[in-house]
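Enquirer: Line by line, the protein sequences are chains A and B.
For the first sequence, position 68 matches number 68 in my numbering, and the numbering has no gaps at all.
In my numbering, each residue carries its 1-based index in the second sequence increased by 313.
Using N, Cα and C, we set each Cβ at its ideal position, and we do this for glycine too.
Submitted below is the structure of interest, expressed as structure tokens.
Protein chains: 2
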Amino acid sequence: MVNRALTHCQLVPGIAPTMQAALDEWTTVEPKLAERAAALELSTAHSDVMPFDAGQCAAPLPRSYHWVDGSAYVNHVELVRKARGADMPATFWTDPLVYQGGSDDLLGARDDAPFGDTAWGIDLEAEVAVITDDVPMATTPEAAASHIKLVTLVNDWSLRALIPGELAKGFGFYQSKPATAFSPVAVTPDELGDAWRDSKVHLPLISRINGKDFGRPDAGVDMTFSFAQLIAHVTKTRKLGAGAIVGSGTVSNYDRSRGSSCLAEKRTLEQMESGSPRTPFLQFGDRVSIEMLDAGGNSIFGALDNRVVKAGS
Amino acid sequence: MVNRALTHCQLVPGIAPTMQAALDEWTTVEPKLAERAAALELSTAHSDVMPFDAGQCAAPLPRSYHWVDGSAYVNHVELVRKARGADMPATFWTDPLVYQGGSDDLLGARDDAPFGDTAWGIDLEAEVAVITDDVPMATTPEAAASHIKLVTLVNDWSLRALIPGELAKGFGFYQSKPATAFSPVAVTPDELGDAWRDSKVHLPLISRINGKDFGRPDAGVDMTFSFAQLIAHVTKTRKLGAGAIVGSGTVSNYDRSRGSSCLAEKRTLEQMESGSPRTPFLQFGDRVSIEMLDAGGNSIFGALDNRVVKAGS
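Here you go:
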């Protein structure tokens with residue numbers, strides 16, 4: 001349990017020993033968490049309240065039973081396909097594209113992100129994600145909205161050089177999607193106030209590489225499929241278990257002055273402009289920071305700030 | 314903890330409260346489980362020993378943090394592609410094909426398997442799977458073998474009519490792969506005796522539809538990639554967490570007299586023989602049973618016996 005200012009925190013073993021346990025029993029646990037959170041806002045002067053250190057945080061769910069990522073910013077998909085001369089089927093505007101990611105190893109916000117080889121084309125993907133309770137099979141978008149219990153930020157690292165060969169095999173991503181990183185904190189949607197509308201987060205998502213601004217597209221603008229629509233899509237043939245994480249895909253705006261949320265998009269734009277990409281993929285030692293600020297300029301989820309490192313080093 | 318004859322069982326909360334907890338601490342837990350198992354073989358006359366009822370079993374892991382399924386029987390892939398006039402790239406013999414399945418909702422051996430519509434083309438896929446402990450990134454096939462802690466059977470239901478459209482989108486399976494079912498029991502590899510060699514199970518895998526024999530291909534013959542090789546493949550760019558389930562893919566033999574492990578293969582053979590498939594996909598009310606017997610004719614894992622039902626009924 002972390003206070004709104006992200007300065008203090010408190011263990012709540014009497015309410016729920018883990019985030020998964022809280023989500024498993026959310027209906028009974030949530031009022032108790034809300035009560036404790038309100039008390040923490042009023043005063044941090046309790047013996048069990050500690051200073052909050054994002055550097056000590058595992059991911060909100062260090063392992064999850066389900067991590068499915070959408071491609072909800074269809075303008076991004078259209079752009080990348082156009083760059084390689086491939087038309088995008090019109091159904092991509094109405095039928096969400098999702099892939100399932102590894103969920104047994106989710107990185108904390110300050111963990112080193114290990115990769116075997118920079119020749120794999122290491123890229124960030126800055127995203128928003130939601131965490132659900134149990135969602136029945138065949139849930140409608142209308143009903144899906146109420147199953148969104150938490151919102152968090154994601155760096156869905158991609159290995160761009162491994163993707164073409166893997167997708168050509170026909171079964172989607174696997175090796176090309178290594179362990180995903182999460183923001184220090186997940187928040188309930190009501191914490192977002194007016195910025196949470198239509199199951200979308202209407203705020204800029206800020207990415208920085210080595211401290212330098214890389215992009216701040218708005219996560220609400222150009223999101224073709226809301227989180228509720230993504231949940232409806234993924235429950236067509238199966239239910240979701242509590243603690244399922246549903247991602248937005250790389251946040252992207254038609255307004256290119258907002259920058260990008262992944263190097264692949266930036267490189268595509270460079271290629272279309274000048275015939276070849278100029279910006280390299282990530283190197284060992286590079287740092288990727290991702291954050292979202294509220295209207296008052298305060299960090300909502302805390303910042304991801306992961307260093308790209310050589311695996312095993 | 315179930316005895317070898319599958320007649321009696323015992324809760325072991327003092328050793329591990331759940332299968333996941335056992336796998337999380339396997340090195341310390343396994344000797345205690347082995348000792349208790351040996352005692353159970355000697356005598357079932359303890360107050361906490363109960364009759365074993367496979368009908369009461371959830372999946373060995375009712376939810377898992379990772380479920381990745383291979384296509385290790387490449388002859389099957391070759392056959393299905395040949396039937397639709399598509400060549401198979403030669404690399405399929407050396408580079409495993411895997412997909413990640415939903416792991417937050419795994420069906421027990423006697424649970425009803427719910428589907429929305431028989432028009433989705435409901436098919437069984439009888440498979441063998443292994444369950445691992447923590448496996449580091451970049452594990453070699455040689456090192457991978459020792460991370461295999463349990464072996465189990467799987468029905469990896471597929472929705473054949475949804476697959477072509479979904480794969481055409483380029484990101485692999487999602488809606489076309491509903492909740493997977495598991496055998497009542499998972500066993501340690503040593504329980505398989507000589508049948509466990511080279512990280513493969515050298516025994517026939519028996520499938521029945523509505524009580525009628527459907528196939529009994531040998532799971533060791535024609536398995537192009539061993540479980541150790543599959544684990545090496547999936548850890549190229551990431552580690553696996555304890556409790557990861559790695560599947561073989563549909564078991565298939567070149568010797569077609571052994572029958573098939575999925576209707577898609579049988580229908581492909583019918584089409585090649587007579588120009589069109591004769592065997593329909595599964596209907597509501599159909600039962601699919603999957604089992605493996607040891608050399609003495611005893612069931613090793615207990616039988617899956619799931620009924621295909623209309624979702625929500």
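If you pair each beta-carbon of the segment 34 to 46 of chain A with each one of the segment 72 to 86 of chain A, do three or more pairs fall below 8 Å?
Expert: Result no; under three Cβ-Cβ pairs closer than 8 Å.
Enquirer: So, with DSSP's three-state summary, where would you put residue 342 of chain B?
Expert: The residue given as residue 342 of chain B occupies position 29 in the second sequence. Here residue 342 of chain B sits in helix by DSSP.
Enquirer: Enumerate, from N- to C-terminal direction, the unbroken alpha helix (DSSP H) stretches of 4 or more residues contained entirely within the segment 527 to 576 of chain B.
Expert: DSSP runs (the alpha helix (DSSP H)) wholly in the segment 527 to 576 of chain B: 540 to 547.
Enquirer: Determine the contact status of residue 171 of chain A and residue 384 of chain B, defining contact as a CB-CB distance below 9 Å.
Expert: For the purposes of this step, residue 171 of chain A is taken as residue 171 along the first sequence, with counting starting at 1. For the purposes of this step, residue 384 of chain B is taken as residue 71 along the second sequence, with counting starting at 1. Contact: yes.
Enquirer: If you run the structure through DSSP and keep just helix, strand and coil, what is residue 476 of chain B?
Expert: Position 163 of the second sequence holds residue 476 of chain B. Residue state, collapsed to three classes: helix.
Enquirer: Please list the segments of the beta strand (DSSP E) lying wholly inside the segment 91 to 170 of chain A, counting only runs of 3 or more residues, in order along the chain.
Expert: Counting only runs of 3 or more, we get 98 to 100, 113 to 115, 126 to 132, 148 to 155.
Enquirer: Can you tell which of B/595, B/382, B/333, B/593 has the C-alpha that lies nearest to the C-alpha of residue 375 of chain B?
Expert: Here residue 375 of chain B corresponds to residue number 62 of the second sequence, with the count starting at 1. Out of B/595, B/382, B/333, B/593, B/333 has the C-alpha closest to the C-alpha of residue 375 of chain B.
Enquirer: Does residue 620 of chain B come out as helix, strand or coil in the three-state DSSP assignment?
Expert: For the purposes of this step, residue 620 of chain B is taken as the residue at position 307 of the second sequence. It is a strand residue.
Enquirer: Would you mind giving the Cβ-Cβ distance between residue 157 of chain A and residue 178 of chain A, rounded to the nearest angstrom? I have them listed as a contact below 8 Å.
Expert: As a working note, residue 157 of chain A is residue 157 in the first sequence. As a working note, residue 178 of chain A is residue 178 in the first sequence. Their Cβ separation, rounded to whole angstroms, is 5 Å, which keeps residue 157 of chain A and residue 178 of chain A in contact under 8 Å.
Enquirer: Would you tell me roughly how many angstroms separate the C-alpha atoms of residue 40 of chain A and residue 15 of chain A, rounded to the nearest one?
Expert: Here residue 40 of chain A is taken as the residue at index 40 of the first sequence, counted from 1. Here residue 15 of chain A is taken as the residue at index 15 of the first sequence, counted from 1. Going by the C-alpha atoms only, they are around 15 Å apart.
Enquirer: Measuring alpha carbon to alpha carbon, tell me which of A/260, A/126, A/192 ends up nearest residue 296 of chain A.
Expert: Locating residue 296 of chain A in the first sequence gives position 296, counting from the first residue. Selected option, being the one with the closest Cα: A/192.
Enquirer: Only counting the same chain, and skipping five residues up and downstream in sequence, which positions put a Cβ closer than 6 Å to that of residue 371 of chain B?
Expert: On the second sequence, position 58 is the one that residue 371 of chain B refers to. Within the same chain, residue 371 of chain B has close Cβ partners 421.
Enquirer: Give the single residue among B/590, B/615, B/532 whose Cα lies nearest to the Cα of residue 574 of chain B.
Expert: Position 261 of the second sequence, counting from 1, holds the residue named residue 574 of chain B. Taking only the C-alpha atoms, the option nearest residue 574 of chain B is B/532.
Enquirer: Considering only residues of the same chain and omitting the five flanking positions on each side of residue 222 of chain A, which have a CB-CB separation below 7 Å?
Expert: Your numbering for residue 222 of chain A matches position 222 in the first sequence. Result list for residue 222 of chain A: 73, 75, 252, 253, 254, in chain order.
Enquirer: Of all Cβ atoms in chain A, is any one closer than 9 Å to the Cβ of residue 473 of chain B?
Expert: Stepping through the second sequence from its first residue, residue 473 of chain B is reached at position 160. No, residue 473 of chain B lies away from the interface with chain A (no Cβ there is under 9 Å from its Cβ).
Enquirer: For the candidate residues B/519, B/325, B/451, whose alpha-carbon lies nearest to that of residue 347 of chain B?
Expert: Residue 347 of chain B sits at position 34 when you count from the first residue of the second sequence. Nearest option by C-alpha distance: B/325.
Enquirer: At a Cβ cut of 8 Å, what residues of the segment 526 to 552 of chain B count as close to chain A, listed as they run along the chain?
Expert: Answer in chain order: 546, 547, 549, 550, 551, 552.
Enquirer: Return the bridge partner residues of residue 293 of chain A from the DSSP annotation.
Expert: Taking the first residue of the first sequence as 1, we reach residue 293 of chain A at position 293. Note: residue 293 of chain A sits in a beta bridge opposite A/299.
Enquirer: Suppose contacts are defined by Cβ-Cβ distances below 9 Å. Is residue 512 of chain B in contact with residue 373 of chain B by that definition?
Expert: Residue numbering aside, residue 512 of chain B sits at position 199 when the second sequence is read from its first letter. Residue numbering aside, residue 373 of chain B sits at position 60 when the second sequence is read from its first letter. Contact flag unset, no.
Enquirer: Please list the partners that residue 621 of chain B has in chain A, where partner means a Cβ-to-Cβ separation under 8 Å.
Expert: Start at 1 with the first residue of the second sequence, and residue 621 of chain B comes out as number 308. Residues of chain A passing the Cβ test: none, with the nearest at roughly 13 Å.
Enquirer: Can you tell me the Cβ-Cβ gap for residue 599 of chain B and residue 523 of chain B, rounded? I've got them flagged as a contact below 8 Å.
Expert: Stepping through the second sequence from its first residue, residue 599 of chain B is reached at position 286. Stepping through the second sequence from its first residue, residue 523 of chain B is reached at position 210. Sure, about 6 Å apart at Cβ, within 8 Å.
Enquirer: Any contact between the segment 98 to 105 of chain A and the segment 548 to 562 of chain B? By contact I mean 3 or more CB pairs, one from each, below 8 Å.
Expert: As far as the Cβ criterion goes, the segment 98 to 105 of chain A touches the segment 548 to 562 of chain B, which means the pair count is three or higher.
Enquirer: Would you call the CB atoms of residue 185 of chain A and residue 281 of chain A closer than 9 Å?
Expert: The residue given as residue 185 of chain A occupies position 185 in the first sequence. The residue given as residue 281 of chain A occupies position 281 in the first sequence. No.
Enquirer: Below 8 Å on the Cβ atoms is my contact criterion, and I expect residue 409 of chain B with residue 546 of chain B to pass it. Report the Cβ-Cβ distance as a whole number of Å.
Expert: Reading the second sequence from its first residue, position 96 is the one you call residue 409 of chain B. Reading the second sequence from its first residue, position 233 is the one you call residue 546 of chain B. Rounded, the Cβ-Cβ distance is 4 Å, consistent with contact.
Enquirer: So is the beta-carbon of residue 352 of chain B under 8 Å away from any non-hydrogen atom of the ligand SAM?
Expert: Annotation note on the ligand SAM: not contained in the displayed structure, which lists no ligands.
Enquirer: Using alpha carbons as the reference points, say which of A/29, A/56, A/26, A/312 lies closest to residue 9 of chain A.
Expert: Sequence index remark: in the first sequence, residue 9 of chain A carries index 9 (1-based). For residue 9 of chain A, the nearest C-alpha among the options comes from A/56.
Enquirer: If the criterion is Cβ atoms closer than 9 Å, does the pair residue 154 of chain A and residue 181 of chain A meet it?
Expert: As a position in the first sequence, residue 154 of chain A is number 154, starting the count at 1. As a position in the first sequence, residue 181 of chain A is number 181, starting the count at 1. Yes.
Enquirer: Enumerate in chain order the residues of its own chain whose CB-to-CB distance from residue 515 of chain B is below 8 Å, with the five nearest sequence positions on each side excluded.
Expert: Taking the first residue of the second sequence as position 1, residue 515 of chain B is located at position 202. Cβ within range, chain order: 507, 508, 509, 531, 532, 533, 534.
Enquirer: Please report the Cβ distance between residue 126 of chain A and residue 303 of chain A, rounded to the nearest whole angstrom; I am assuming they are in contact, meaning their Cβ atoms lie under 8 Å.
Expert: Counting from 1 along the first sequence, the entry for residue 126 of chain A is found at position 126. Counting from 1 along the first sequence, the entry for residue 303 of chain A is found at position 303. Going by Cβ atoms, the distance from residue 126 of chain A to residue 303 of chain A rounds to 11 Å, so no, they are not a contact pair.
Enquirer: What are the residues in the segment 386 to 417 of chain B lying within 9 Å of chain A by C-beta distance?
Expert: So the close ones are 402, 404, 405, 408, 410, 411, 412, 413, 414, 415, 416, 417.
Enquirer: For residue 620 of chain B, I'd like the list of residues in its chain whose CB is within less than 6 Å of its CB, leaving aside the five on either flank, ordered along the chain.
Expert: Residue mapping note: residue 620 of chain B aligns to position 307 of the second sequence, counting from 1. 425, 600.
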